[in-house]
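See structure below.
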Amino acid sequence: MSGDIRVAIVGGGIAGLAAAHRLGELGLEGPYVLLERAPRLGGKIATERAGKYVIEGGPDCFLASKPAGVALCRTLGIEDRLRGTDPRFRRSYVKRNGRLYELPAGITGLVPSRIRPLLTTRLLTLRGRVRAGLEMFVRSRADGADESIAGFVTRRFGVEAYRWLVEPLLSGIYAGDGEQLSLRATFPQLIELERRQGSVIRMMLKARVGRARPAGSGGAQLGFVTPVTGLDEIVEAIERTIPAPAIRRGVAVERLWRDGGAYVMRLGDGVELRAESVILATPSFITADLVAGFDDGLAAALREIPFVSTATVSVAFPAAAIARPLDGYGYVSPRAEGGPVVACTWTSNKFPDRVPQDGVLIRFFVGRAGAEEVVRASDDEIKRLIRAELERVLGISAEPVLWRIFRWPKGMPQYTLGHHDRLARIEDATGRHEGLFLAGASYRGIGIPDCIDSGRAAAAQAVRYVSGVAA
Ligand SMILES: Cc1cc2nc3c(=O)[nH]c(=O)nc-3n(C[C@H](O)[C@H](O)[C@H](O)COP(=O)(O)OP(=O)(O)OC[C@H]3O[C@@H](n4cnc5c(N)ncnc54)[C@H](O)[C@@H]3O)c2cc1C
Numbered sequence: 000m001s002g003d004i005r006v007a008i009v010g011g012g013i014a015g016l017a018a019a020h021r022l023g024e025l026g027l028e029g030p031y032v033l034l035e036r037a038p039r040l041g042g043k044i045a046t047e048r049a050g051k052y053v054i055e056g057g058p059d060c061f062l063a064s065k066p067a068g069v070a071l072c073r074t075l076g077i078e079d080r081l082r083g084t085d086p087r088f089r090r091s092y093v094k095r096n097g098r099l100y101e102l103p104a105g106i107t108g109l110v111p112s113r114i115r116p117l118l119t120t121r122l123l124t125l126r127g128r129v130r131a132g133l134e135m136f137v138r139s140r141a142d143g144a145d146e147s148i149a150g151f152v153t154r155r156f157g158v159e160a161y162r163w164l165v166e167p168l169l170s171g172i173y174a175g176d177g178e179q180l181s182l183r184a185t186f187p188q189l190i191e192l193e194r195r196q197g198s199v200i201r202m203m204l205k206a207r208v209g210r211a212r213p214a215g216s217g218g219a220q221l222g223f224v225t226p227v228t229g230l231d232e233i234v235e236a237i238e239r240t241i242p243a244p245a246i247r248r249g250v251a252v253e254r255l256w257r258d259g260g261a262y263v264m265r266l267g268d269g270v271e272l273r274a275e276s277v278i279l280a281t282p283s284f285i286t287a288d289l290v291a292g293f294d295d296g297l298a299a300a301l302r303e304i305p306f307v308s309t310a311t312v313s314v315a316f317p318a319a320a321i322a323r324p325l326d327g328y329g330y331v332s333p334r335a336e337g338g339p340v341v342a343c344t345w346t347s348n349k350f351p352d353r354v355p356q357d358g359v360l361i362r363f364f365v366g367r368a369g370a371e372e373v374v375r376a377s378d379d380e381i382k383r384l385i386r387a388e389l390e391r392v393l394g395i396s397a398e399p400v401l402w403r404i405f406r407w408p409k410g411m412p413q414y415t416l417g418h419h420d421r422l423a424r425i426e427d428a429t430g431r432h433e434g435l436f437l438a439g440a441s442y443r444g445i446g447i448p449d450c451i452d453s454g455r456a457a458a459a460q461a462v463r464y465v466s467g468v469a470a
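Written out as structure tokens, the structure reads:
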């Protein structure tokens, strides 16, 4: 058995990578190791290049308003590589009865924040619009119970606004079922807003009055950002900061147990590693298998977090094959429309640097809670589904010049009702194992900045632990 490792990180997705980078920043004394099952680092971040096309198989950008992503890029010296989405096309659509309707302006943090676009949108019937506008007069709920996103939005804005405005946006983020997702675990700011202000719209209106309007439609307003040639620029930049011997790719941690004050890991190649502290930056169902050997209760709590399987399908065309101009970032397809297509991004509008000049790149997001079978379908079946969607919704019948399908079985953790209580039990149990820390998308945020935060926090705790400083 090789020994003397101070901190072992299991999982080389963005959370594990951020943890490894933070260990270096904090000047951890002694060796650490990052163990990744796959032959490449990055996990869900999967950038592929085909000629001048940049294809993202997983995430394609991240929220700039959550500081951890941009801050990490700054530290890595690649902040100047970040680009916002192209402001010329800042508009999105919602599919209703197979037709595309423009998403009303002013949807902020999932809910409508402006009255006029809400009252004039053709996406909702007159009755639906009036009901949504009455949100200002709906009494707030104060019992503090965990409520589903569907419950909250329907109660405040009515069923139509939920079904055609909010649910499709929600699916685009979590691929989840709004009847099951916990508001407290996903959009806690809305609970606070209702409690303090009574009405979402009223509070947003107040905030707008107090805020100077941005000049123009805003090149400087960076909602979502990404490095010019893809998110794997971040992965590579982090990798450059980690000493090469500390990275072990293509080797899974198969077993984990405690031995005295240390942790022992058996790797897929039979090697046993001993570490003072372990950061498990794996999805919670894998983390459950790893801790099961020494804490059944923790494993059981981790297994309660459900996951949904999804896939992305990218297709490219010569610009001449697109008869109807794609004038926006794409569309979302509500659950009420049926079928496994959740969203369609017009990537070449969103990120023009990622295609050749005469190329159009379109990406579909398929699979959601209750419609996950598509992820197990053959490539041919998926291609048939996408061709039919292209023809029906966008009028594109040309044969794509490029196809890329990325499957993410159990790829999206679901923060369902009770997630907070579940987390409390998980964190309680983890806290009883000195030197053990968890990180990653399964717990307190699935976005890239949240995962970075979780990795950095776990690394800081591990350094405090091995340095003998009380946490
Ligand atoms: C299709 C899709 C689109 C998304 N779009 C966006 C987006 O646009 N913006 C955004 O912010 N977020 C997006 N997300 C969410 C975000 O990408 C993920 O939540 C995040 O990348 C997860 O990072 P992670 O490090 O927690 O986990 P992962 O990336 O899953 O990394 C975990 C790693 O652990 C490794 N591993 C597993 N088991 C073992 C083992 N036994 N031993 C060693 N290693 C192991 C895995 O191989 C993997 O590399 C998207 C997710 C998906 C699936």
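Numbered per numbering that gives the first Met the number 0, the sequence shown finishes at 470, counting up by one with no gaps.
Ideal Cβ positions, reconstructed from N, Cα and C, are used throughout, including at glycine.
Everything numeric in this text was worked out from a predicted model, so none of it was measured.
Name, in chain order, the residues that DSSP records as bridge partners for residue i.
| i | result |
| --- | --- |
| Cys343 | Tyr330 and Phe363 |
| Trp256 | Val263 |
| Glu55 | Thr46 |
| Thr415 | Leu180 |
| Leu34 | Val9 and Arg247 |
| Ala370 | Arg367 |
| Ser91 | Gly329 |
| Ile4 | Ala274 |
| Trp163 | Partner(s): none; Trp163 has no beta bridge. |
| Ile404 | Val312 |
| Val110 | Thr107 |
Using 8 Å as the threshold, is the C-beta distance between residue i and residue j below it?
| i | j | result |
| --- | --- | --- |
| Phe186 | Leu62 | no |
| Ala251 | Gly267 | yes |
| Pro167 | Pro333 | yes |
| Gly177 | Ala149 | yes |
| Gly454 | Arg73 | no |
| Ala14 | Ala300 | no |
| Val277 | Leu255 | yes |
| Leu401 | Val314 | yes |
| Leu99 | Leu164 | no |
| Val365 | Ala287 | no |
| His418 | Ala184 | yes |
| Gly329 | Thr46 | no |
| Ile77 | Glu253 | no |
| Pro282 | Pro408 | no |
| Cys450 | Thr225 | no |
Can you say whether residue i is buried or exposed, counting buried as having 16 or more other CB atoms within 10 angstroms of its CB?
| i | result |
| --- | --- |
| Asn348 | buried |
| Pro324 | exposed |
| Ser396 | exposed |
| Ser216 | Summary for Ser216: the model assigns pLDDT 33, below 50, so the residue's position carries little reliability, and this model does not support an answer. |
| Ala428 | buried |
| Glu433 | exposed |
| Asp452 | buried |
| Leu192 | buried |
| Glu380 | exposed |
| Pro38 | exposed |
| Arg36 | buried |
| Ala219 | Legend: pLDDT at Ala219 = 34, less than 50; position of this residue unreliable, value from coordinates given subsequently. So Ala219 counts as exposed. |
| Ala19 | buried |
| Val93 | buried |
| Arg212 | Model confidence at Arg212 stands at a pLDDT of 43, short of 50, so the residue's coordinates are unreliable and nothing is read from them. |
Considering residue i, what are the terminal residues of the beta strand (DSSP E) in which it resides?
| i | result |
| --- | --- |
| Ile278 | Glu271 to Leu279 |
| Ala70 | Looking at the DSSP string, Ala70 is not in any beta strand (DSSP E); the run it does join, the alpha helix (DSSP H), is Pro66 to Thr74. |
| Ala298 | Looking at the DSSP string, Ala298 is not in any beta strand (DSSP E); the run it does join, the alpha helix (DSSP H), is Asp295 to Arg302. |
| Val471 | The requested residue 471 is not part of the displayed model; the chain covers only 0 to 470. |
| Phe436 | Leu435 to Leu437 |
| Leu472 | In this structure the chain extends from 0 to 470, so residue 472 is not present and cannot be described. |
| Arg224 | First, the residue type needs correcting, since residue 224 is Val and not Arg in the sequence shown. From DSSP, the beta strand (DSSP E) with Val224 extends over Phe223 to Pro226. |
Using alpha carbons as the reference points, say which of the options lies closest to residue i.
| i | options | result |
| --- | --- | --- |
| Gly486 | Gly26, Leu16, Ala14 and Leu34 | It is not possible to answer for residue 486, since the shown part of the chain is limited to 0 through 470. |
| Glu303 | Arg383, Leu416 and Arg155 | Leu416 |
| Leu16 | Arg87, Gly269 and Ala458 | Ala458 |
| Ala342 | Thr281, Leu230, Arg80 and Arg362 | Arg362 |
| Ile4 | Ile13, Leu27 and Thr225 | Leu27 |
| Val234 | Leu25, Val465, Gly42 and Arg463 | Gly42 |
| Ala274 | Tyr262, Thr228 and Ile285 | Tyr262 |
| Leu180 | Ser147, Leu204 and Pro30 | Ser147 |
| Tyr414 | Thr107, Arg463, Pro242 and Gly175 | Gly175 |
Along the chain, where does the alpha helix (DSSP H) that runs through residue i open and close?
| i | result |
| --- | --- |
| Pro187 | Pro187 to Gln196 |
| Arg21 | Ile13 to Glu24 |
| Tyr100 | That residue, Tyr100, is in no alpha helix (DSSP H); its beta strand (DSSP E) goes Arg98 to Glu101. |
| Val465 | Ile447 to Val465 |
| Leu384 | Asp378 to Leu393 |
| Thr286 | Ser283 to Val290 |
| Ala144 | Where Ala144 is concerned, there is no enclosing alpha helix (DSSP H), given that its DSSP letter is neither H nor E. |
Using a Cβ-Cβ cut-off of 8 Å, state whether residue i counts as contacting chain C.
| i | result |
| --- | --- |
| Gly267 | Going by chain labels, chain C is absent from the structure shown, which holds only one protein chain. |
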